[in-house]
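Numbering (the UniProt record's numbering), first residue to last: 1 to 258.
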């Protein structure tokens, strides 16, 4: 694991260029450019808040903050995992022509999504402050929350990018699974609204615990529980270790499958 991170650090300039290029290509030819990374989450959060607060009648104070605190990390996790499916396949030209550590492609995908998330977070926090949101000192825990989900997403990216090289249908399976998990992670509804026999099932969903790393500091104004942090750390390092092992074991075969 440490050897893998040393290699990634050695090629940090390459990663920087890939991230920069990916962000430029994403918004190339767009009139609003990077402003779309601000508008998309704002529109999504607004529509979601109206539907679930007004129509579903969830009795929650500051429902828009409740939604924001979960949709922000989920958006990053989902985009990173979904993008992982094509991170190696789309790099076929580089892999067949020059030597680069193949891990730079999944991590570039994760980091570019992280930058997009930061743009979204800044814009949404400004809007929340404008409508009267009173942040607590617990928001200073968020850098740790982000570090944990970045490492977790990187681990999943290594696993899924490897699987997709050998099983191309993974791209479509990932999309279906993410759509299902969105409704099973208590993102747009409080877990208290779920009948007790089923609420325990939601807590078995590992992504629920990662979402709480953000919802507790942002919405409830409290530090995440130690048990929740430990669960997230155990899952993160298990997925990261497994991802590195799977990726390293198969990376030499990529060129024959692309």
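Cβ coordinates follow ideal geometry from the N, Cα and C atoms, glycine included. Computed from a predicted model, the values in this text were never measured in an experiment.
Cα-Cα separation between residue i and residue j, rounded to whole angstroms
i: residue 93; j: residue 78; result: 26 Å
i: residue 120; j: residue 99; result: 35 Å
i: residue 118; j: residue 249; result: 33 Å
i: residue 175; j: residue 185; result: 15 Å
i: residue 254; j: residue 135; result: 47 Å
i: residue 109; j: residue 252; result: 20 Å
i: residue 124; j: residue 140; result: 17 Å
i: residue 206; j: residue 181; result: 10 Å
i: residue 183; j: residue 11; result: 38 Å
i: residue 200; j: residue 73; result: 22 Å
i: residue 169; j: residue 202; result: 27 Å
i: residue 193; j: residue 142; result: 26 Å
i: residue 195; j: residue 189; result: 12 Å
i: residue 228; j: residue 97; result: 45 Å
i: residue 90; j: residue 22; result: 12 Å
i: residue 128; j: residue 220; result: 15 Å
i: residue 197; j: residue 191; result: 11 Å
i: residue 130; j: residue 144; result: 26 Å
i: residue 222; j: residue 67; result: 17 Å
Option in the options with minimal Cα separation from residue i
i: residue 208; options: 69, 131, 106 and 241; result: 69
i: residue 152; options: 210, 86, 3 and 215; result: 210
i: residue 5; options: 254, 255, 253 and 241; result: 241
i: residue 17; options: 82, 65, 104 and 84; result: 104
i: residue 148; options: 115, 3, 230 and 192; result: 230
i: residue 75; options: 97, 91 and 116; result: 116
i: residue 238; options: 47, 154, 126 and 198; result: 154
C-beta atoms of residue i and residue j nearer than 8 Å
i: residue 106; j: residue 161; result: yes
i: residue 257; j: residue 137; result: no
i: residue 171; j: residue 86; result: yes
i: residue 187; j: residue 71; result: yes
i: residue 88; j: residue 178; result: no
i: residue 246; j: residue 159; result: yes
i: residue 84; j: residue 146; result: no
i: residue 65; j: residue 218; result: yes
i: residue 216; j: residue 133; result: no
i: residue 224; j: residue 233; result: no
i: residue 111; j: residue 173; result: no
Cβ-Cβ separation, residue j to residue i (assumed contact under 8 Å), whole Å
i: residue 8; j: residue 101; result: 7 Å
### Query
What are the uninterrupted segments assigned as alpha helix (DSSP H) that are 4 or more residues long and contained completely in the segment 182 to 252, given in chain order?
Correct list: 196 to 203, 206 to 215 and 226 to 250.
#### Entry: Residue ranges of each alpha helix (DSSP H) within the segment 91 to 173, 4 or longer
As summarised for the segment 91 to 173, the continuous alpha helix (DSSP H) elements at least 4 residues long and confined to that stretch are 92 to 97, 104 to 130 and 142 to 166, given in chain order.
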